Each structure stands twice: as C-alpha cells, then as structure tokens.
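According to numbering that gives the first Met the number 0, the sequence shown holds residues 0 to 192 in order.
Here a beta-carbon is modelled for each residue, glycine too, at the ideal position from N, C-alpha and C.
Fair warning: this is a prediction, and the values are worked out from it, not measured in the lab.
A short worksheet on the structure shown next.
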Amino acid sequence: MGRYQEPAQKQVAFLFLDVVGSSRMTEQIGDTKTQKLIAELFFEVAVIVERLGGDVHRYIGDEMVVTWELSDKTPMPDILGCLSQIYETVESHREENLLRHQTWVNVRAGLNAGSVLVSEIGDLKRELVYFGDSINTAASLQNQCKIEGTRVLISNVLYKLLEPSPRLKAESLGLLSIKGKQRQIDTVSLTYR
C-alpha cells in the first residue's frame with residue numbers, strides 16, 4: 000500500500016477461479032464442512048500460484064482472483080502450468096473427498112490479460128483494486144463457462160502469448176457473445192487431461 004495512491008496503468012493477467020456447486024455441497028455436508036473443503040483447496044492453490052509468480056489478489060466467497068504482472072522486461076509467467084497444477088490438485092483430492100465427505104470440489108476458470116488501472120481505494124479499509132475491461136472480461140469468461148459447458152475459458156489474445164501445457168487440451172471456440180460485453184471475445188476452451 001502507498002505505491003498506488005496515484006493510479007497507474009499496468010499490464011496484468013487475471014485468473015478468476017470459482018468453486019463449482021458450492022451451494023450443492025452446503026446442502027449435502029453443511030456450511031462448516033463446505034467452508035473447510037474450500038479453504039483447504041484455496042490454501043493449496045495459493046501455494047501453487049505463489050510458486051509460479053502469481054499473486055492471490057482477493058477471495059470472494061467461493062471464488063479466488065489471481066494476478067500476474069506482465070512486463071516486456073521479464074519472461075512470461077507460466078500461467079497455463081499454474082492452471083494445470085491447480086486442476087491436478089483438484090483431481091488428486093477427488094477420491095479422498097468422496098470418502099470423507101461424499102462430495103468433491105471442482106473449479107471453473109476464466110483468464111484474460113491486458114492494460115488495467117491499478118489504484119488504492121478506501122480510507123479506513125484500504126485495498127488495491129484494478130479497473131478496466133481486461134479484468135471484467137476475465138470475470139465474464141469464468142461466468143461463461145457454465146453456458147458453454149466447459150471448465151476453463153481463456154481469451155485467445157492471452158492464450159497465444161503463453162507456452163502450451165501438455166496437461167491442457169485447447170479448443171478454439173471463436174468469437175463468443177458474452178453477457179455484459181458489447182463486443183464478442185475470441186475464446187479458447189481448455190480441458191484438463
């Protein structure tokens with residue numbers, strides 16, 4: 000804090016990660032066990048994110064927002080490798096969660112990158128916030144996953160900048176009309192294999 004009292008333009012990649020079916024889990028196993036499952040997952044995901052150069056920007060209920068600052072002076076972060084490891088972690092706990100809780104955790108993700116305004120906001124409770132179309136598009140892509148019946152949607156603009164991951168199968172969906180967006184987004188669906 001203090002660094003962005005004056006707003007600054009930055010190039011940032013965003014990952015919106017949402018737990019699928021948390022309402023269903025709450026009905027099945029109750030609030031406390033659901034919260035514990037999500038907290039355990041988010042702890043492990045945060046370790047992966049940190050190890051691969053990202054930052055957990057915020058938790059919003061059963062959603063996590065991850066950022067990577069991008070620069071011409073540094074190599075592109077391994078965002079797809081990070082995503083692959085997140086899905087690997089989710090899958091590795093499936094059997095254990097089924098045995099312990101008769102349910103499991105799965106996630107949906109939306110990814111995008113671009114120029115945003117970074118600023119501090121608030122007085123008594125200060126927070127770093129991002130403003131701009133890039134973050135809004137990442138959030139919209141995560142929401143669009145439900146409509147498209149996929150677990151991961153990434154803008155093609157970002158996908159083309161990244162090293163492919165052998166654990167993620169890519170399928171171009173072309174231009175999609177996304178709720179809340181006037182222009183269509185060139186989109187790629189990723190499937191963990």
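- Per DSSP, the unbroken alpha helix (DSSP H) holding Gly80 starts and ends at 78 to 91.
- Runs of beta strand (DSSP E) with 3 or more residues, each lying fully within the segment 113 to 144, are found at 126 to 130, listed in chain order.
- Per DSSP, the beta-bridge partners of Phe15 are Val64, Gly109.
- Here His56 has Val64, Val65, Thr66 as same chain residues with Cβ atoms under 7 Å from its own Cβ, once five neighbours each way along the sequence are excluded.
- When DSSP states are grouped into helix, strand and coil, Glu170 belongs to the strand group.
- Selection Cys81, Lys35, Gln34 evaluated against Glu49 yields Cys81 as nearest (Cα-Cα).
- Here the alpha carbons of Val104 and Leu36 stand approximately 7 Å from one another.
- CA-to-CA, the gap between Val128 and Asn142 works out to about 20 Å.
- Residue Leu40 holds the alpha-carbon nearest to the alpha-carbon of Asp17 among Gly29, Leu51, Leu40.
- Annotated as distal: Ser171 and Asn111, with beta-carbon spacing of 8 Å or more.
- Around the beta-carbon of Phe13, 16 or more other beta-carbon atoms lie within 10 Å, marking it buried.
- Counting C-beta pairs with one atom in each stretch, the segment 161 to 176 and the segment 69 to 81 have three or more that are closer than 8 Å, which means they touch.
- About 19 Å separates the CB atoms of Glu94 and Arg166; that is not less than 8 Å, and the two are not in contact.
- CA-CA distance, Glu62 to Lys72, rounds to 31 Å.
- Between Val117 and Lys9, the CB-CB gap stays under 8 Å.
- In terms of Cβ geometry, Ser133 and Val115 form a close pair [threshold 8 Å].
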